Amino acid sequence: MSALLLTLLIFVQSALAARVEMAVDSRDLTVGQTVNLQIQVIDGDPRGLPDVVTQPGLNLRYQGQSQSRMMVNFETTRIVRYTYAMSAQQPGTWQVGPVTVDVDGRKLRAAPITVQVRPRQDAAESTTQVSGRISDET
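In structure tokens form, the structure reads like this:
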């Protein structure tokens, strides 16, 4: 009986501790720029891929999943990471998220992140005029 209670207590504790976090390499982008976006499920057992809401100015492309475990003071933390390539498509202020993940039979959410996308500099604006003279005099 006590072993069952201990197992149940460990399961409930880990289920209550599960959380979802989202992070992006940069929140200030230029049209055409691509950065990494990571969604992390911490101390939970996710089922399937995260459901990520995006707006028209951003494009997400799934890159893969990884897992890691850390032990600090005999407490184990499990992290499942989902990595996406996020590309800026149009200038403006856009949101990625919220994110919903099925974790241990519950829907957990991470708040949206706001990203500022600036227009790309015109090729004509970014060129530098160089003039010179070529001569065969020695």
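Numbering (my numbering), first residue to last: 883 to 1020. Note that the Cβ used here is the ideal one computed from N, Cα and C, for glycine as well. Fair warning: this is a prediction, and the values are worked out from it, not measured in the lab.
Select from the options the residue whose C-alpha is nearest the C-alpha of residue i.
| i | options | result |
| --- | --- | --- |
| Y944 | V954, T936, M968 and T958 | M968 |
| R929 | A993, A905 and V983 | V983 |
| S961 | D907, L911 and V923 | Going by the sequence as given, residue 961 is Ile instead of Ser. Answer by Cα proximity: V923. |
| V935 | S908, M904, P1001 and R909 | M904 |
| I995 | V985, Q949 and T975 | T975 |
Tell me whether residue i is buried or exposed, calling it buried when 16 or more other Cβ atoms sit within 10 Å of its Cβ.
| i | result |
| --- | --- |
| D970 | Note on identity: in this sequence residue 970 is Ala, with Asp being the wrong assignment. With 16 or more other Cβ atoms within 10 Å, it is buried. |
| V978 | buried |
Where residue i and residue j are concerned, what is the direct C-alpha to C-alpha distance, given to the nearest angstrom?
| i | j | result |
| --- | --- | --- |
| V913 | E957 | 43 Å |
| N955 | V999 | 43 Å |
| R963 | R988 | 18 Å |
| L886 | S908 | Note that L886 scores a pLDDT of 49, beneath 50, so its modelled location is shaky and nothing firm can be said. |
| Q972 | V917 | 15 Å |
| Q1003 | Q915 | 12 Å |
Sequence ranges, beta strand (DSSP E) only - wholly within the stretch 886 to 958, length at least 3: 901 to 906, 910 to 912, 916 to 924, 928 to 936 and 940 to 954
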